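Engineer: Under my numbering, the first residue of the first sequence is numbered 15, with each subsequent residue one higher. C-beta atoms are modelled at their ideal positions from N, C-alpha and C, and glycine is treated no differently. Note that this is a predicted model, so its numbers are computed, not measured. Can you read through this structure? Questions will come right after.
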Amino acid sequence: MFLDSLNEVQRAAVCATEGPSLIVAGAGSGKTRVLTYRIAYLLQQGVPAGNILALTFTNKAAREMKDRIRTLLAEQDSIANGSFRYLWMGTFHSVCTKLLRRDAERLGYTRDFTIYDTSDSKSVIKAICKERGADEKIYKPQAVLARISMAKNNLITPEEYGMNRQLLQQDREARMYDIATIYAQYQLRLKAANAMDFDDLLVNMLRLIDQHKDVCGQLQQMFRYILVDEYQDTNYVQYLLVSRLAEPQRNICVVGDDAQSIYSFRGADIRNILNFKQQYPEARVYKLERNYRSTQTIVNAANSLIHKNIHQIEKTVYSENEQGAPIRLCAYMDDRSEADGVASQIANCRCGYDDVAVLYRTNTQSRAFENELRKRNIPYRIYGGTSFYQRKEIKDTLSYFRIAVNPLDNEALLRAVAFPGRGIGETTMKKVSACGIEHHCAYLEVMRSPEQYALPVGAAIAKKLRAFAQQLDDLGALSEQTDAYAFADHVLKTTGILTTLTLDTTSDGIDRAQNVEELLNAIREFVAMRQEEGIDFTPITDFLSEVSLQTDQDEHLDDTQERVTLMTVHAAKGLEFKVVFIVGMEENLFPSQFCTQMHEIEEERRLLYVAITRAMEQCTLSFARQRFRNGQMAFNSPSRFLSDIDRQYFQQSSSTTPKPTPAPIAIPRIPSAINNQHSPITNNPSPITNAHTPIPSEYAEGSRVAHRVFGQGTVVRVYRDEVTENDKIEIRFDTVGVKTLLLTHAKLEKLD
DNA sequence: CCCTAGACTTTTTTT
DNA sequence: AAGTCTAGGG
Numbered sequence: 015m016f017l018d019s020l021n022e023v024q025r026a027a028v029c030a031t032e033g034p035s036l037i038v039a040g041a042g043s044g045k046t047r048v049l050t051y052r053i054a055y056l057l058q059q060g061v062p063a064g065n066i067l068a069l070t071f072t073n074k075a076a077r078e079m080k081d082r083i084r085t086l087l088a089e090q091d092s093i094a095n096g097s098f099r100y101l102w103m104g105t106f107h108s109v110c111t112k113l114l115r116r117d118a119e120r121l122g123y124t125r126d127f128t129i130y131d132t133s134d135s136k137s138v139i140k141a142i143c144k145e146r147g148a149d150e151k152i153y154k155p156q157a158v159l160a161r162i163s164m165a166k167n168n169l170i171t172p173e174e175y176g177m178n179r180q181l182l183q184q185d186r187e188a189r190m191y192d193i194a195t196i197y198a199q200y201q202l203r204l205k206a207a208n209a210m211d212f213d214d215l216l217v218n219m220l221r222l223i224d225q226h227k228d229v230c231g232q233l234q235q236m237f238r239y240i241l242v243d244e245y246q247d248t249n250y251v252q253y254l255l256v257s258r259l260a261e262p263q264r265n266i267c268v269v270g271d272d273a274q275s276i277y278s279f280r281g282a283d284i285r286n287i288l289n290f291k292q293q294y295p296e297a298r299v300y301k302l303e304r305n306y307r308s309t310q311t312i313v314n315a316a317n318s319l320i321h322k323n324i325h326q327i328e329k330t331v332y333s334e335n336e337q338g339a340p341i342r343l344c345a346y347m348d349d350r351s352e353a354d355g356v357a358s359q360i361a362n363c364r365c366g367y368d369d370v371a372v373l374y375r376t377n378t379q380s381r382a383f384e385n386e387l388r389k390r391n392i393p394y395r396i397y398g399g400t401s402f403y404q405r406k407e408i409k410d411t412l413s414y415f416r417i418a419v420n421p422l423d424n425e426a427l428l429r430a431v432a433f434p435g436r437g438i439g440e441t442t443m444k445k446v447s448a449c450g451i452e453h454h455c456a457y458l459e460v461m462r463s464p465e466q467y468a469l470p471v472g473a474a475i476a477k478k479l480r481a482f483a484q485q486l487d488d489l490g491a492l493s494e495q496t497d498a499y500a501f502a503d504h505v506l507k508t509t510g511i512l513t514t515l516t517l518d519t520t521s522d523g524i525d526r527a528q529n530v531e532e533l534l535n536a537i538r539e540f541v542a543m544r545q546e547e548g549i550d551f552t553p554i555t556d557f558l559s560e561v562s563l564q565t566d567q568d569e570h571l572d573d574t575q576e577r578v579t580l581m582t583v584h585a586a587k588g589l590e591f592k593v594v595f596i597v598g599m600e601e602n603l604f605p606s607q608f609c610t611q612m613h614e615i616e617e618e619r620r621l622l623y624v625a626i627t628r629a630m631e632q633c634t635l636s637f638a639r640q641r642f643r644n645g646q647m648a649f650n651s652p653s654r655f656l657s658d659i660d661r662q663y664f665q666q667s668s669s670t671t672p673k674p675t676p677a678p679i680a681i682p683r684i685p686s687a688i689n690n691q692h693s694p695i696t697n698n699p700s701p702i703t704n705a706h707t708p709i710p711s712e713y714a715e716g717s718r719v720a721h722r723v724f725g726q727g728t729v730v731r732v733y734r735d736e737v738t739e740n741d742k743i744e745i746r747f748d749t750v751g752v753k754t755l756l757l758t759h760a761k762l763e764k765l766d
């Protein structure tokens, strides 16, 4: 029997299928294993796959789990093998989307509703703020959206928001007095556009089951077994959703680790897991405390760190693996030498590239490592950052699909109008949108018949508007009859997207054209895949709904080459690597500069805990004494967390070299006391770079030139900036002082 | 209306 | 550094 490979607690947790269970799973304790075995076990017990709902937090986790179950069932040669694909498994958001599409009409949406991503949402908020004449310096779209999102995650309606003293007080401190109204308008706009944002997917799902008892009953009947991974990262709405669906059978199994809760910034509430036992008094609790992944040194070092947190569930994670190598700590002069040092350590590493990961706090840190790895011909794979579907050219192209499927999608319309340029400008679209809002109709509708809505535009523009509306309407009609691939191909060719992109022969422009080609390929593959599943007709709407929640771009990059993995610590959750480098261990970076309160620092500490426990054999921490950030050099002291880790687990330094050295050196002194004070970022006005080479030019040093804006001046020098690889000219203007301009762009006139 | 050059701002993590 | 915003010229 396949349960033999589990330890006792694990097996018990797998087999306790009836009633609520809480599995507290320490890092590396085989949590995913228990979940996958549990599902496989259920299937083997004859539970139909369609009755099982498994919720994960990221796409990656869902994919991983699916693969593992597939493998497990294949090994077992199980009869359950075939039904595997009827499993309900995915992120909260993707499962909710699928369920919502079936019953969207009940909530006043069509089944083709659009999912607005963050940039769509921000754009809506920006428009609202502008219309209201709000100060853009204070009402930053991102900040406003964060407030709205927070409210939604806690199921607070706009009306409730307006009456909530605590929220209003917080807003007052940020000098935003109007969030409730903006929130209300925002919701109206989305509804009118037949669109939901990420949070709406969850909130509306909850509304659906709360307001429609039949749907609720049906889903409760269907999901007889519910499993939730990473339960410590669920927010209030997710908690309510799970609670509702689990009634009345209460076959709910949640898995999590409070020590790995790292998503409170998006509303995750650790109390969900802490209070589970109170919510389900009959729940069985399983504690998985033995770590199978890492060496004792790594586990103990991580423990010593996490014990510095005040709030935690009592739990002893231990390893019976080898003691293993000590944790290494490397100090570098700057970010570049850090990347250089890590790359050279990777090059000399005896293990395969697949076994190595470089983990960082922020996505922007990846660049330095990319450069150094490329220099050494070390293949790497980068996760996160701006995903394929966020790129401008892709978003532009997708907006044509979006509007064809959902003519109310105003954000898509605004994008489509702007690219490729067709003589309909911002001013005109401002009028169109104002008109659409006033008449409570889609912007597209206004464009169809501008005169009917008394749009104040000239006849020529009205004609352009009508023509474009007609084109989009035609696409809409076509999208229903044509296969996704044929449709996309048609859109690319008839709207001028392809021609415009191929016109640009700069290297970036070629990239963009290729990206769009790749999108077309992805659609072709999608259609082919569906065909294999026996679905003959795949309209573009199916592709859109599949793609809108997809964030990992290079999933289909299934090459066989071994690669080093580069990603944020957040993205690394749930993964493991033999060798892990955790870089940028500096104050104001890790922990992030934005945490001020203790609970935020504790979350960052948990984040480092997650990072360290990804390592199986070797873990190396590093920091730089100075690094380029936002175009300036920043000096930060080593992270306070370094002194939270018990010294005995570090490699003891044999000699202390005070000299700056490019090679990793043992840090002479770990900051001893906890430094509660944030050391401010020091700005160095003149970065210590000597990468400016004089180049020959028609503008001699000391010669007089004239600029159309800055007036006359004297050339100081002309040089090549090795960092940016731009040729620059520095001029001392008579009236405005010294300016540095791009040589190729500056429009200068020589004076003799 | 559209483009360009220059100024100005932004700072985390993800669905 | 990189992206967004704006003024001004075409």
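Is the beta carbon of M461 sitting closer than 7 Å to the one on L489?
Structural biologist: No; because the gap between Cβ atoms is not below 7 Å, this pair is not in contact.
Engineer: Are the beta-carbon atoms belonging to L254 and L220 less than 7 Å from one another?
Structural biologist: yes
Engineer: Along the chain, where does the alpha helix (DSSP H) that runs through F540 open and close?
Structural biologist: S521 to E546
Engineer: Could you give the distance in angstroms between the alpha-carbon of E425 and the alpha-carbon of K205?
Structural biologist: 12 Å
Engineer: Taking three-plus beta-carbon pairs below 8 Å as touching, is the segment 281-297 in contact with the segment 595-607?
Structural biologist: no
Engineer: Hey, S308 and S333 are a contact pair by Cβ (cut 8 Å); roughly how many whole angstroms apart?
Structural biologist: 6 Å
Engineer: Cα-Cα, which of A498, G472, D497 and V505 is closest to Q485?
Structural biologist: V505
Engineer: Relative to the alpha-carbon of L458, which residue among D487, V38 and A502 has its alpha-carbon at the smallest distance?
Structural biologist: Nearest neighbour of L458 by Cα position, chosen from D487, V38 and A502, turns out to be D487.
Engineer: Report yes or no: do the segment 116-136 and the segment 220-234 share at least 3 C-beta pairs separated by less than 8 Å?
Structural biologist: At 8 Å Cβ cutoff, the stretches touch.
Engineer: Is it buried or exposed for E712, if we count other Cβ within 10 angstroms and need 16 for buried?
Structural biologist: exposed
Engineer: CB-CB under 7 Å to E32, same chain, minus the five flanking residues each way: which ones, in chain order?
Structural biologist: Excluding sequence neighbours, E32 sits near N265.
Engineer: Would L373 and I193 qualify as a contact pair, given that the criterion is a beta-carbon distance under 7 Å?
Structural biologist: no
Engineer: Under a Cβ-count criterion, where at least 16 other Cβ atoms within 10 Å of its own Cβ denotes burial, should S521 be classed as buried or exposed?
Structural biologist: exposed
Engineer: Do the segment 614-630 and the segment 351-365 make contact, defined as three or more Cβ pairs closer than 8 Å?
Structural biologist: no
Engineer: Tell me the DSSP secondary structure of Y394 in three-state form.
Structural biologist: Three-state DSSP puts Y394 in a strand.
Engineer: Output the distance between the C-alpha atoms of P701 and I743, rounded to the nearest integer angstrom.
Structural biologist: The pLDDT assigned to P701 is 28, lower than 50, so where the model puts this residue is not dependable; a value taken from the coordinates is nonetheless given after this. Going by the C-alpha atoms only, they are around 18 Å apart.
Engineer: Near F290, what residues of its chain come up, given a Cβ to Cβ distance below 7 Å and the 5 sequence neighbours on each side ignored?
Structural biologist: L36, V268 and A297
Engineer: My guess is that P470 and K445 are in contact by the Cβ rule of under 8 Å, so how many angstroms apart are they, rounded?
Structural biologist: 6 Å
Engineer: Taking only runs of the alpha helix (DSSP H) that begin and end inside the segment 125-163, which ones reach a length of at least 4 residues, in chain order?
Structural biologist: Complete alpha helix (DSSP H) runs here, min 4: 132-145.
Engineer: Please report the distance separating the alpha-carbon of I287 from that of Y245.
Structural biologist: 6 Å
Engineer: So what does DSSP say about D346, is it helix, strand or coil?
Structural biologist: Residue identity check: residue 346 is Tyr in the sequence provided, not Asp. Correct three-state label for Y346: strand.
Engineer: Under 7 Å Cβ to Cβ from Y467, same chain only, skipping five residues before and after it: list those, please.
Structural biologist: C449, H453 and V460
Engineer: Pull the bridge partners of D211 from the DSSP assignment, please.
Structural biologist: Y130
Engineer: What's the gap between the Cα of A456 and the Cα of G104?
Structural biologist: The alpha-carbon atoms of A456 and G104 are separated by roughly 33 Å.
Engineer: Should P464 go down as buried or exposed, given a rule of 16 or more other Cβ atoms within 10 Å for buried?
Structural biologist: buried
Engineer: Considering only residues of the segment 159-204, which uninterrupted alpha helix (DSSP H) runs meet the minimum length of 4 residues and lie entirely inside it, listed in chain order?
Structural biologist: 172-177 and 179-187
Engineer: Hey, would you say D423 sits closer than 7 Å to A207, going by beta carbons?
Structural biologist: yes
Engineer: Kindly list the residues whose CB is nearer than 6 Å to the CB of L635, restricted to its own chain and excluding five residues on each side of it in sequence; keep chain order.
Structural biologist: Sequence-distant Cβ neighbours of L635 in its own chain, meaning closer than 6 Å and more than five residues away, are L343, I596 and M599.
Engineer: How about Y197 and P172: are their beta carbons less than 7 Å apart?
Structural biologist: Taking a C-beta distance under 7 Å as the contact criterion, Y197 and P172 qualify as a contact pair.
Engineer: Express the C-alpha separation of A41 and Y346 in angstroms, rounding to a whole number.
Structural biologist: Cα-Cα distance, rounded: 30 Å.
Engineer: What is the DSSP secondary structure of A498, counted as helix, strand or coil?
Structural biologist: Helix at A498.
Engineer: Looking at R746 and V732, is the spacing between their C-beta atoms short of 7 Å?
Structural biologist: no
Engineer: Return helix, strand or coil for E600, following the three-state DSSP convention.
Structural biologist: strand
Engineer: Taking Cβ to Cβ, would you say I408 is nearer than 7 Å to L533?
Structural biologist: Against a cut-off of 7 Å, the Cβ pair of L533 and I408 comes out as a contact.
Engineer: Under three-state DSSP, which class holds F664?
Structural biologist: strand
Engineer: By Cβ distance below 8 Å, which residues in the same chain neighbour N529 in space, the five residues on each side in sequence not counted?
Structural biologist: F402, R405, E407 and I408
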